[in-house]
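Student:
2 protein chains.
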Amino acid sequence: MPKAKTKAQKAVMFDRVAFIGIGHIGSSMALAMRRAGVVESIIACDRSAKHRKAALKLKIVDEVTADYAKAVKGADLVVIATPVGTNAAIAKAIAPHLKPGTIVTDVGSVKQVVIAAITPHIPKGVYFVPGHPLAGTEHSGPEAGLADLFDGRWAVLTPLPRTPAKVLAKVSTLWKRMGANVDTMTPAHHDRVLAITSHLPHLCAFTVVGTATDLAEDLKQEVIKYSASGFRDFTRVAASDPVMWRDIFLANREAVLEILQRFTEDLAGMQKHIRRGDGAALEKMFTRTRAIRRGIIEAKQA
Amino acid sequence: MPKAKTKAQKAVMFDRVAFIGIGHIGSSMALAMRRAGVVESIIACDRSAKHRKAALKLKIVDEVTADYAKAVKGADLVVIATPVGTNAAIAKAIAPHLKPGTIVTDVGSVKQVVIAAITPHIPKGVYFVPGHPLAGTEHSGPEAGLADLFDGRWAVLTPLPRTPAKVLAKVSTLWKRMGANVDTMTPAHHDRVLAITSHLPHLCAFTVVGTATDLAEDLKQEVIKYSASGFRDFTRVAASDPVMWRDIFLANREAVLEILQRFTEDLAGMQKHIRRGDGAALEKMFTRTRAIRRGIIEAKQA
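Protein sequence lines correspond, in order, to chains A and B. Quick note: the first sequence uses our numbering, first residue 1, plus one each step. Quick note: the second sequence uses our numbering, first residue 1001, plus one each step.
1. Among A/Asn87, A/Ala75 and A/His189, which residue has its Cα nearest to the Cα of A/Leu98?
2. Write down the C-beta distance between B/Ala1135 and B/Leu1157 rounded to the nearest angstrom, noting that I regard them as a contact closer than 8 Å.
3. From this set, B/Gln1261, B/Lys1070 and B/Ile1080, which residue's C-alpha is nearest B/Ile1196's C-alpha?
4. Suppose you measure from the CA of B/Lys1003 to the CA of A/Lys59; what does that come to, to the nearest Å?
5. For my contact list, B/Arg1246 and A/Gly279 are in at a C-beta cut-off of 8 Å; report their separation, rounded to the angstrom.
6. In chain order, which beta strand (DSSP E) runs of at least 3 residues are fully inside the stretch 218-263 of chain A?
7. Is the Cβ of A/Thr82 closer than 9 Å to any Cβ of chain B?
8. Measuring only between beta-carbons, confirm whether A/Ala239 sits less than 9 Å from chain B.
9. Please report the distance separating the alpha-carbon of B/Pro1161 from that of B/Arg1034.
10. Determine the burial state of A/Thr186: buried for a count of at least 16 other Cβ atoms within 10 Å of its Cβ, exposed for fewer.
11. Could you name the residues of chain A that B/Val1287 contacts, counting a contact when the two beta carbons are closer than 8 Å?
12. Just to confirm before moving on: does the CB-CB distance between B/Glu1138 and B/Ser1240 stay below 9 Å?
13. Could you name the residues of the same chain whose beta carbon sits closer than 6 Å to that of A/Gly125, not counting the 5 residues immediately before and after it, in chain order?
14. Out of B/Val1039, B/Val1243, B/Val1193 and B/Thr1105, which has the shortest C-alpha to C-alpha gap to B/Thr1163?
15. On the DSSP letters alone, give me the boundaries of the beta strand (DSSP E) that B/Ala1044 sits inside.
16. Under 9 Å between the Cβ atoms of A/Asp233 and B/Pro1201?
17. Kindly indicate which residue of B/Phe1206, B/Pro1120, B/Arg1253 and B/Asp1183 has the alpha-carbon position closest to the one of A/Thr264.
18. Let me see if you follow: with CB-CB separation under 9 Å, is A/Thr105 close to chain B or not?
19. Taking the C-alpha atoms as reference points, what is the distance between A/Asn252 and B/Gly1295?
20. Go through its chain and collect everything with a Cβ distance to B/Ser1140's Cβ below 7 Å, but skip five positions before and after it.
21. Give the residues of chain B in contact with A/Ala36, contact being defined as C-beta atoms less than 8 Å apart.
22. State yes or no: is the beta carbon of B/Tyr1068 nearer than 9 Å to at least one beta carbon in chain A?
23. Using 9 Å as the threshold, is the C-beta distance between A/Ala91 and A/Ile80 below it?
24. Go ahead and pull the three-state DSSP assignment for B/Met1001.
25. Unbroken alpha helix (DSSP H) runs of length 4 or more, entirely within the stretch 71-130 of chain A: which are they?
26. Beta-carbon of A/Gln271 versus every beta-carbon of chain B: anything under 9 Å?
27. Answer yes or no: do A/Asp191 and A/Gln271 have a C-beta to C-beta separation smaller than 9 Å?
28. Leaving out the 5 sequence neighbours to the left and right, which residues in its chain are closer than 6 Å to B/Ala1018 when beta-carbon positions are compared?
29. Return the bridge partner residues of A/Ile20 from the DSSP annotation.
30. Would you list the one or two residues that DSSP bridges to B/Asp1183?
31. Do you know offhand how far A/Val223's Cα is from A/Leu203's?
32. Quick check: what's the CA-CA separation for A/Arg236 versus A/His273?
33. Using a C-beta cutoff of 9 Å, does B/Arg1330 count as contacting chain A?
34. Let me make sure I understand the geometry here. Which of A/Thr184, A/Leu282, A/Gly152 and A/Leu219 has the alpha-carbon closest to that of A/Lys300?
35. Would you call the CB atoms of B/Pro1083 and B/Pro1123 closer than 9 Å?
36. If you count every other CB in all the chains shown that lies within 10 Å of the CB of B/Gly1131, and 16 or more means buried, which is it?
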């Protein structure tokens, strides 16, 4: 039998939440907030008329608008959930319309660049808490919104030195009520961790699928036909939103180039083992990677 | 209401099937054969006492042995389902004990090298039909056997010029009754297609996870913790059997090195775009890869 909910678990946390961008992550957050009963009303601002229409039709939000000022007016929480390249312009556009005490947060996959883009525009008395939920599918748009997307996944917060403890605690509680586990780290550390856990794998997947795209037409048709085992998983990853990923690689350039350098060296090592027919070296390499997988299974992130 | 089975659909095709190797693929085939009712009795030969014990306990096979001669004696179908590096020695060991009319097939992920290893040992009157089911998980051993592993997946046969049409047709029917779609192609073409659809993605995954393995311990713990989205899929691929993959890369060296060369050039191109901050080029690359994914979805292999 489920335990009776405590008052804190049921409590509404925000009267009005404004989403800037109501794509896959924004709509999933809106649904998770509703599921948790943390919000009274939700408005979404999106440049795409198709997104606005879908978000309204699917009852993900109560209102939609294409106007930044209208969206954030009266909101006590603003969630920026657009490709990170847009963040500076958005922060500038919404800034004059934010009321004192409002919390602004984001979901960007890189944090240092996002903080540099948003922070200068945040008015006095408004709090910016940078965040990044480590969840998502390869799908885009409000139709891909899932209320349980964050259940059991990590949401990483990278608070600024001046973020008040109680504001950080509030955003942390919000994520927990949306189903996530919450951790905090510095923006620089976040960007390094994500370069290896997310950006490098995506770059490999985009590149492998790109290499296949250049194959002769007859071979390409067979690559599609026989994609089971390996390639298929890569195409799923490589089907992710191109604009979002363009912005991530531009925004996390330093960390990505550093890890890419290591990867390229390691790949050259593999290539050498294959060319030389060094089976012992290959087996050693393939065996040690199993330990990482076991770690992930033990950490219940498999 | 399901249609009544025709006689052909119910018919036993083989009196006695011998598996050389009863790991993930061998045990899945044994289970699929039983499900389809194509075989009277199954014996498995495996070097691993653990595998033999599990295959018997899980009722995947009727008998087990560590002796090649005993395994293939009286068998009218022999399935070699071991890492490809073992195939020459196995073919040599079983050859004297094969009765005329027996069909030998295999499941190796490369075909040219396997054919070169097995064919010289096949006695007159015995038929070798090289095969490769494009299915599998990252798990190993008989405990990972799945009766429905091949349902809707492709089984590729690469018949030899001298393979009689009715023998090829029989192996083709066997795979269809195990749930697979069947296609035939030349061994060389198979090895090129698999280099891009399977071997290159696996090499990337092994390498990315290997690169992560070399990270400082504190960073590595966080890579495990925050593996959602991208990296986690790679670790699953990279958890595949090290000996099997060692043998694949050694056996398909030429095709793998050729596609690896293309990939390395493409990756260097991506790196240049990132370093230069060329967002338009990145977006273009990331957009075109979506077409391949759509092809896979349309081909119902997603």
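Ideal Cβ positions, reconstructed from N, Cα and C, are used throughout, including at glycine. Source: prediction; values computed, not measured.
Tutor: In short, the structure shows the following:
1. For the purposes of this step, residue 98 of chain A is identified with residue 98 of the first sequence, where counting begins at 1. The shortest Cα separation from A/Leu98 among A/Asn87, A/Ala75 and A/His189 belongs to A/Ala75.
2. Here residue 1135 of chain B refers to the residue found at position 135 of the second sequence. Here residue 1157 of chain B refers to the residue found at position 157 of the second sequence. Contact flag wrong, Cβ pair sits at about 14 Å.
3. To locate residue 1196 of chain B, count along the second sequence from 1; it is residue 196. Closest by alpha carbon: B/Gln1261.
4. Position 3 of the second sequence, counted from the first residue, corresponds to residue 1003 of chain B. Position 59 of the first sequence, counted from the first residue, corresponds to residue 59 of chain A. Its pLDDT being 49, under 50, B/Lys1003 is placed unreliably in this model, and the coordinates cannot settle the point.
5. The sequence position of residue 1246 of chain B within the second sequence is 246, counting from 1. The sequence position of residue 279 of chain A within the first sequence is 279, counting from 1. Sure, about 5 Å apart at Cβ, within 8 Å.
6. none
7. Locating residue 82 of chain A in the first sequence gives position 82, counting from the first residue. A/Thr82 does not count as touching chain B.
8. Looking up residue 239 of chain A in the first sequence gives position 239. Chain B, which has a Cβ nearer than 9 Å to the Cβ of A/Ala239, makes this yes.
9. Counting from one through the second sequence, the residue named residue 1161 of chain B turns up at place 161. Counting from one through the second sequence, the residue named residue 1034 of chain B turns up at place 34. Going by the C-alpha atoms only, they are around 31 Å apart.
10. In the first sequence, residue 186 of chain A corresponds to position 186, counting from 1. When all chains shown are included, A/Thr186 counts as exposed.
11. Here residue 1287 of chain B refers to the residue found at position 287 when the second sequence is read from its first residue. Before going on, a small fix: residue 1287 of chain B reads as Thr here, not Val. Within chain A, the residues near B/Thr1287 are Pro242.
12. Against the second sequence, residue 1138 of chain B aligns to sequence position 138. Against the second sequence, residue 1240 of chain B aligns to sequence position 240. Yes, Cβ-Cβ distance for B/Glu1138 and B/Ser1240 is below 9 Å.
13. Position 125 of the first sequence, counted from the first residue, corresponds to residue 125 of chain A. Hits under 6 Å: Pro100.
14. Numbered from its first residue, the second sequence carries residue 1163 of chain B at position 163. Checking every option, the nearest Cα to that of B/Thr1163 belongs to B/Thr1105.
15. The residue labelled residue 1044 of chain B in the question sits at position 44 within the second sequence. Element bounds for B/Ala1044: Val1039 to Cys1045.
16. Counted from its first residue, the first sequence places residue 233 of chain A at position 233. Counted from its first residue, the second sequence places residue 1201 of chain B at position 201. Going by C-beta atoms, A/Asp233 is nearer than 9 Å to B/Pro1201.
17. Taking the first residue of the first sequence as position 1, residue 264 of chain A is located at position 264. Here the closest residue by C-alpha is B/Phe1206.
18. In the first sequence, the residue the question calls residue 105 of chain A occupies position 105. No, because no Cβ of chain B sits closer than 9 Å to the Cβ of A/Thr105.
19. In the first sequence, residue 252 of chain A corresponds to position 252, counting from 1. In the second sequence, residue 1295 of chain B corresponds to position 295, counting from 1. Their Cα atoms are separated by approximately 31 Å.
20. As a working note, residue 1140 of chain B is residue 140 in the second sequence. Closer than 7 Å at Cβ, skipping near neighbours: Gly1023, His1024 and Asp1241.
21. Taking the first residue of the first sequence as position 1, residue 36 of chain A is located at position 36. Those do not exist, as A/Ala36 stays about 20 Å from chain B at its closest Cβ, beyond 8 Å.
22. Translated into the one-based positions of the second sequence, residue 1068 of chain B becomes position 68. For B/Tyr1068, the answer is no, since every Cβ of chain A falls outside 9 Å of its Cβ.
23. For this step, residue 91 of chain A is matched to residue 91 along the first sequence. For this step, residue 80 of chain A is matched to residue 80 along the first sequence. For A/Ala91 and A/Ile80, yes; Cβs fall inside 9 Å.
24. What you label residue 1001 of chain B is simply residue 1 of the second sequence in a count that begins at 1. Because B/Met1001 carries a pLDDT of 42, less than 50, the predicted location of this residue cannot be relied on, and no value is offered for it.
25. 87-94 and 112-118
26. On the first sequence, position 271 is the one that residue 271 of chain A refers to. Chain B contact via Cβ: present.
27. Locating residue 191 of chain A in the first sequence gives position 191, counting from the first residue. Locating residue 271 of chain A in the first sequence gives position 271, counting from the first residue. Cβ atoms of A/Asp191 and A/Gln271: not closer than 9 Å.
28. As a first step, residue 1018 of chain B is located in the second sequence; it is residue number 18 there, counting from the start. Ile1043, Ala1071, Val1072, Ala1075 and Val1078.
29. Your numbering for residue 20 of chain A matches position 20 in the first sequence. Answer is A/Cys45 and A/Ile80.
30. For the purposes of this step, residue 1183 of chain B is taken as residue 183 along the second sequence, with counting starting at 1. Beta-bridge pairing links B/Asp1183 to B/Val1156.
31. The residue given as residue 223 of chain A occupies position 223 in the first sequence. The residue given as residue 203 of chain A occupies position 203 in the first sequence. The straight-line gap from Cα to Cα measures roughly 20 Å.
32. In the first sequence, counting from the first residue as 1, residue 236 of chain A sits at position 236. In the first sequence, counting from the first residue as 1, residue 273 of chain A sits at position 273. Answer to the nearest angstrom: the Cα atoms are 29 Å apart.
33. As shown, chain B starts at 1001 and ends at 1302. That puts residue 1330 of chain B outside it, with no answer to give.
34. Here the question's residue 300 of chain A lines up with position 300 in the first sequence. Comparing Cα-Cα distances from A/Lys300 to each of A/Thr184, A/Leu282, A/Gly152 and A/Leu219, the minimum goes to A/Gly152.
35. Taking the first residue of the second sequence as 1, we reach residue 1083 of chain B at position 83. Taking the first residue of the second sequence as 1, we reach residue 1123 of chain B at position 123. No; because the gap between Cβ atoms is not below 9 Å, this pair is not in contact.
36. Taking the second sequence and counting its residues from 1, the one referred to as residue 1131 of chain B is at position 131. Looking at its Cβ environment, which holds 16 or more other Cβ atoms inside 10 Å, B/Gly1131 is buried.
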